[in-house]
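Working notes, beginning with the structure itself.
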Amino acid sequence: MKLTVQNKLSGLILFMMMLFCSNVSAQDFTATGTVVDSEKEPLIGASVSVVGGKVGAITDIDGNFTIQCKQGDMLEISYVGYNNRKVQAGKGLNIVMEQDAKTLDEVTVVGVGYGKMRKSDLTGAIASVNSKDMKQGVITSTEQLLQGKVAGLSIVQSSGAVESGASIRLRGGTSLSASNGPLVVVDGIPGVDINSVQPSEIVSMDILKDASAAAIYGSRGANGVIIITTNRQGSDTEVNTIQYNGYVAIASAAKTLDLLSANQWRSYVRSTGNMNALDYGADTDWQKELMRTAISHSHNINFSSSKKSHGYRASFTYNNNEGVIKRNNMNRVAGSLSAYQTGMNGRLRLDEGINANFDSWHPIDNRIFERMTNLQPTFPVFNQNGSYAQLNGTNTENPVELNNNRIEDRKRHRFLGYLKAELSIVEGLTATMNTSYESNSVKSGLYKPTYARMEGQSEHGWGQRLYDDYTNKQLELYLTYDKKFADIHHLNLMGGYSYLDNTYEGFGSTRSGFDSDAFGYNNLAAGTDYRQGDVYSYKGESKLISFFGRINYSLMDRYMVTATLRRDGSSRFGNNHKWGVFPSVSLAWRISEEPFMASTHEWLDNLKLRAGFGVTGNQNGIGEYKSLAILSPSGAAYFDGTTGTWKNAYTQIQNPNPDLKWESTAQWNLGVDFSVFNKLNGTLELYYKKTSDLLWTYPVPQPPYLVGTMLANVGDLVNKGFELSLGYKAVRAKNWTLDANMSLAYNHQEITKLSNDQYQAVGLQAGSLHNVRGMSNTYSQVIKEGYPAGAFWGPHCTGISSDGKYMLDKDDNGKVKDGYLGSAMPKWNLGLSLNATWRDFDASVAAYGMFGQKVLNVSRMVMYDPTRFPSQNTLDDFMKSGITDNPTYSDYFIENGDFFRLQAITLGYSVPLNTVKKLGLSRLRFYVTGENLFCITGYKGIDPEVSVPDNVLSSPGIDFFNSYPRPRTFSLGVNIGF
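Residue numbers (this note's numbering): 534 to 1511.
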């Protein structure tokens, strides 16, 4: 009995101990996990709380959290712009948050110029590209981040050379003679060179597309505005990071010309019975001799520390890029340092920083592309004694020698320093000062050695040194007042002043006749041949003073109105038009927030209607002194008898034009934003844009004018079209996601006016073919009322006759007649992208296309010359064509330029966080990228995506024979977080 009682007592004690331990264990359970978005990016500062409790935690920089709770408790995770999630407490949780389309617009802020606005409050046409849209794969330029992602924004790479940039054009462009590139604003600083911004530093880019949005930038806003925000912002939680991003890439030419090989050349010689053809006995592929498999690598490391009161960020980048043409390479060393501090109990914030880029590159002489098509394939690169083989004659230089012996070095130094101060004066009223200094200098050295030959003659040594420097000093002061009244009225007022001072200067010197190549271009004084004009220098300056303001009012977050006004005064403008005024107004109605739409809230996330009108300007076409009379020395003009010497005189070389002013663009825009089922979102824009007072150089009578031409504002240009952007969250499953995005744009362009009573446009020709052999007085395009820019004009070819002659259209008198042959301006632009994740893998695909444009294939036209063969090389399809006629400009060589390009595919793998943490890291991702993988096109040249010289509209769509081929690139990269 005693044993039984003892057993029962022991069992009771054991049960109580187990119950106590279980209770203690339940109270002391530690839940851990990571909070990420749908793309597996960590969400910093997400709130984690116990449902029904008071315990909470915040995720760190890696999205990790730790929280004390009871086992079996439910945790609720919340993050601004995302749907709340509830999960059961556990260890190593991986919590994926979904964006809430309805609330995301309420919290997403967009740069609008001199401030930011909630996306839900926008009334103008503004497109945004954030860091998630641009995170995948290898990004070698800032322009590449935007390619195919913004409807209506056309980006064309100027060439495949490593130092080349891109032409950016929005909604068809606005100017025939000036650059159509948009204004770039970086962290509030207007006019920054987009190539000076490191892609790894960019957080977001906002594109102001219509005039109602861009009018706040006045005479510089006609071509749109790109507002870039970099990593400067602070954080309410302490964040310290070290990140490394690097890649190595190999590249080769995506396509080359189908020239005859030596065996093909010999076969055609035999078939034509040409017994006089010289066979030099070699088998030379001149394209292969000049091209290579290029190897490039890039490294970026950045450090940042961020708190609510202060922080800094430092970044260092090194790029070494090789071009697919031998000896073409570029190195870049770039660094940036930024910091911020807050004071006066958070009322004052200071941002300061410096950015510096140091570029050095070796460009190539584009004449090598023509030379490598001229020399026939049996001609050797080297003689038997090892010297370069040479032919005497025009355009027959050995391209390998030309590429190897020509020494050209260029260096570019960019520097940007800035200081921004924001002071909260009283509640809702903030004063901002933004000042910056930018310097951009380029040094060039070129030397052709004494043994180099050109046009069959020795150049006896030729050297050149050039130096160009550009500085930009800016000061902007503005006040912002933001206030809510009675919970339904929201008013935002902004007004300010801007001062801009641009200075440019430079000099150059050229000498020839060197006895020795020992010093190259570093001792030009050793050259004995000096000619007038071989030494020059210049300097110029312009100023822009502006006053601007904006009113934004919202009623019940449903009805919005925005009005802006800017007044610009420029030293570039003529005396009669020193000041320009640029107004805009836009309205928006959030229909989805109306009470009568309550029944749609289960599926309709957002529906907003927008309408706007604005006026912007373009002063890019007005040089610093274009409105003034300019004098120039005219040489020895008269003999001074008192001194016994000839005296120089000055003569007028430019007429003054006091009426010279900016090109003015008025634009109407109607837009609809929508989002349904928290899956599909989109924007539709309709626009009509009319540019007046187009600049062009017109003939004027002499007298009364001393010079026979004058730059004047006369013409009108119309662009109209639509843009559609769609985003679709196709899959949101436990282990994988899939997003698809599309941008589609259509633009119709027409020149509606070129003349007035004072200035008459007579035969305005463009698209010069002067450098094409046999076509010294030929133009391929016209600038003509009723037609778009880039209008090809000439004879229509109906076919090839039986005897190999071009059959050209003729009038009733038997004269060849000219007519419209199509436009080089694309009518349609398409962009597509896919982004997917599966467990720890990610993939992205980017593609774009242009349609409706024509391209003049000059390479084909030049090589379809029967006199080339057999002394020069030619195309295989020409030998099969049976053409016997001399080269003639006609639409026989104007081809359909439609194309669709697979721009990039990236596959990535992120090492799981539990493994990464064991390595002492916060992130480790590997990826491979393929770029320019294929291009679907019917174009017979190397590439239908033809560069636009200086981004002007007067001569697009001409594929000359000196085009640098675009590379196809494969890269392996890594992203590491410490």
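Glycine included, each C-beta is placed from N, C-alpha and C at the ideal position. Predicted, not measured: the structure shown is a model, and the values here were computed from it.
| said: Quick check: the Cα distance between S555 and T563, rounded to an integer number of angstroms? | reply: Because the pLDDT of S555 is 45, which lies under 50, any placement of that residue in the model is unreliable, and the number read from its coordinates should be weighed accordingly. The C-alpha of S555 lies about 14 Å from the C-alpha of T563.
| message | Between which residues of its own chain and F836 is the CB-CB distance below 6 Å, once the five residues before and five after are set aside? | response | I775, A847
| query | Can you tell me whether Y1011 is buried or exposed, with buried defined as 16 or more other CB within 10 angstroms of its CB? | reply | buried
| query | Taking DSSP as the reference, what is the three-state secondary structure of D1424? | reply | helix
| For N1108, which three-state DSSP category applies? | helix
| For V662, does the three-state DSSP call read helix, strand or coil? | Reduced to three states, the DSSP call for V662 is strand.
| request: Specify the secondary structure class of D570 as computed by DSSP and reduced to three states. | output: coil
| task | Report the partner residues of Q1185 according to the DSSP bridge assignment. | result | L1164
| field | Of the residues Q917, K944, A1059, T929, the one placed nearest T983, counting alpha carbons only | value | For T983, the nearest C-alpha among the options comes from A1059.
| message | Measuring straight from C-alpha to C-alpha, what distance separates Y1497 and S1480? | response | 10 Å
| request: Look at the alpha carbon of M1089 and the alpha carbon of S710, and state the distance between them as a whole number of angstroms. | output: Between the alpha carbons of M1089 and S710 lies a distance of about 46 Å.
| task | Just mark I1186 as buried or exposed, buried being the case when its beta carbon has 16 or more other beta carbons within 10 Å. | result | exposed
| request: Over the uninterrupted beta strand (DSSP E) stretch that includes E1009, give me the two end residues. | output: Segment 995-1018, the beta strand (DSSP E) holding E1009.
| said: List, from N- to C-terminal side, the beta strand (DSSP E) runs of 3 residues or more that fit wholly inside the segment 1335-1370. | reply: 1339-1341, 1351-1356
| request: For T592, write down the residues that DSSP places opposite it in a beta bridge. | output: Answer by DSSP bridge pairing: none, since T592 is not bridged.
| field | contact_flag[the segment 1388-1396, the segment 1358-1365] where n(CB pairs < 8 Å) is 3 or more | value | No, the segment 1388-1396 is not in contact with the segment 1358-1365.
| said: With the cut-off set at 8 Å, would you say D791 and D1410 are in Cβ contact? | reply: yes
| task | Look up M1412 in the DSSP assignment and say whether it is helix, strand or coil. | result | helix
| query | Is the Cβ-Cβ distance between I659 and D739 less than 8 Å? | reply | yes
| message | Applying the 10 Å Cβ sphere with the 16-neighbour rule, what's the burial state of K624? | response | exposed
| field | Boundaries of the alpha helix (DSSP H) in which Q820 is found, first to last residue | value | Its alpha helix (DSSP H) spans residues 819-823.
| What three-state label does DSSP hand Q1405 in the structure shown? | In the structure shown, the three-state DSSP call for Q1405 is strand.
| message | Using a 10 Å radius around the Cβ and a threshold of 16 neighbouring Cβ atoms, would you call Y1071 buried or exposed? | response | With a 10 Å radius around the Cβ and a threshold of 16 neighbouring Cβ atoms, Y1071 comes out exposed.
| task | Starting from F1384, trace the beta strand (DSSP E) both ways and give me its first and last residue. | result | 1374-1384
| said: Please classify N878 as buried or exposed, where buried requires at least 16 neighbouring CB atoms within 10 angstroms. | reply: exposed
| Helix, strand or coil at K1222 [DSSP, three-state] | strand
| D1431 - DSSP class collapsed to helix/strand/coil | coil
| field | Inter-residue spacing [alpha-carbon to alpha-carbon] between V569 and T592 | value | Going from the Cα of V569 to the Cα of T592 covers about 10 Å.
| field | Cβ-Cβ separation, P1234 to M1358 (assumed contact under 8 Å), whole Å | value | Not confirmed; about 34 Å, so no contact.
| task | Write down every uninterrupted run of the beta strand (DSSP E) in the segment 714-783 whose length is 3 residues or greater and which is fully enclosed by it, in chain order. | result | 716-719, 735-741, 758-763
| request: Grab me the residues of G1506's own chain with a C-beta within less than 8 Å of its C-beta, minus the 5 sequence neighbours each way, in chain order. | output: G670, V671, N778, G779, Y780, V781, F1459, Y1460, V1461, T1462
| query | Is W1195 helix, strand or coil by DSSP? | reply | coil
| task | Could you tell me the distance, in whole angstroms, from the CA atom of K1350 to the CA atom of I1427? | result | 17 Å
| Alpha carbon to alpha carbon, how far is Y1279 from N1429? | Roughly 17 Å separates the two Cα atoms.
| said: For D884, list the residues DSSP reports as bridge partners. | reply: Y873, K953
| request: Please determine, among Y1063, D1375, Y750, L703, the residue with the shortest C-alpha to C-alpha distance to H1281. | output: L703
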